[in-house]
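S.K.:
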Amino acid sequence: MTLQPENWQDKQNILVVLAHPDDPEFFCGATLARWARAGHNIIYQLLTCGDKGFNDSTSADMTTDELCRIRHEEQRAAADVIGVKAVHFLDRPDGYLIPDLDLRREIVRVIRKFKPDILVACDPQNLFASYGLNHPDHRAAGQVVLDAVFPAAGSPV
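74 is the number of the first residue of the sequence shown in the numbering used here; add one for each residue after it.
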């Protein structure tokens, strides 16, 4: 994997590793849709199920399992519209993502399996976003992806 593949206009394997369902569409949905239309192979790896991404007080009886199921369905539907080939979830708890060795190992496995030419992730140093303070899960996801890419993904198990 390089910062920019030599033949970047050829069909590429693109791995998108982000914290929550809906992050790909909010952060880079138009770019991903354009890449998909150009014939690139796009896979999502989402680290949480987004079980805290709901604040409707009228549904106080909704369980986190039910919310995870709904978020999975919504994310897969959105990915289908964009043209994403597959969506995978690690289902870590929303709001508690830690860039530890266990999570890094899981990301390394995904990188080794998919062998991306291009990897999309958050900037772990981005503390502020247009909407205010950047979510700690976004920063943690970016950090663990960077740690997994080098040297871990290229090192023996």
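We treat Cβ as the ideally placed atom computed from N, Cα and C, and that holds for glycine.
(1) Could you name each continuous alpha helix (DSSP H) segment of 4 residues or more that falls completely within the region 77–126, going from the start of the chain to the end?
(2) Using a threshold of 9 Å, state whether the C-beta atoms of Val-160 and Ala-106 are closer than that.
(3) Quick one, are the C-beta atoms of Gln-118 and Ile-180 less than 9 Å apart?
(4) What do you get for Leu-170, buried or exposed, if any count of 16 or more other CB atoms within 10 angstroms of its CB means buried?
(5) Would you identify the three-state DSSP class for Ala-214, choosing helix, strand or coil?
(6) Which of helix, strand or coil does DSSP assign to Asp-164?
(7) Can you grab the Cα-Cα spacing for the pair Asp-190 / Leu-163, in whole Å?
(8) When burial is assigned at 16 or more other CB atoms within 10 Å of the CB, is Ala-214 buried or exposed?
(9) In whole angstroms, give me the CA-to-CA distance for Asp-124 and Cys-141.
(10) Does the Cβ of Gln-216 have 16 or more other Cβ atoms within 10 Å, making it buried, or fewer, making it exposed?
(11) DSSP beta-bridge partners for Asp-193?
(12) Count the other CB atoms within 10 Å of the CB of Pro-224; is the residue buried (16 or more) or exposed (fewer)?
(13) Taking just the CA atoms, how far does Ala-103 sit from His-93?
(14) Taking its Cβ as the centre, do 16 or more other Cβ atoms sit within 10 Å of Asp-220, making it buried, or is it exposed?
(15) According to DSSP, simplified to helix, strand and coil, what is Phe-187?
M.R.: Reading off the structure:
(1) 96–110
(2) no
(3) yes
(4) buried
(5) helix
(6) strand
(7) 22 Å
(8) buried
(9) 5 Å
(10) buried
(11) Before going further, note that residue 193 is Val rather than Asp in the sequence given. In DSSP, Val-193 forms a bridge with Val-89.
(12) exposed
(13) 17 Å
(14) buried
(15) helix
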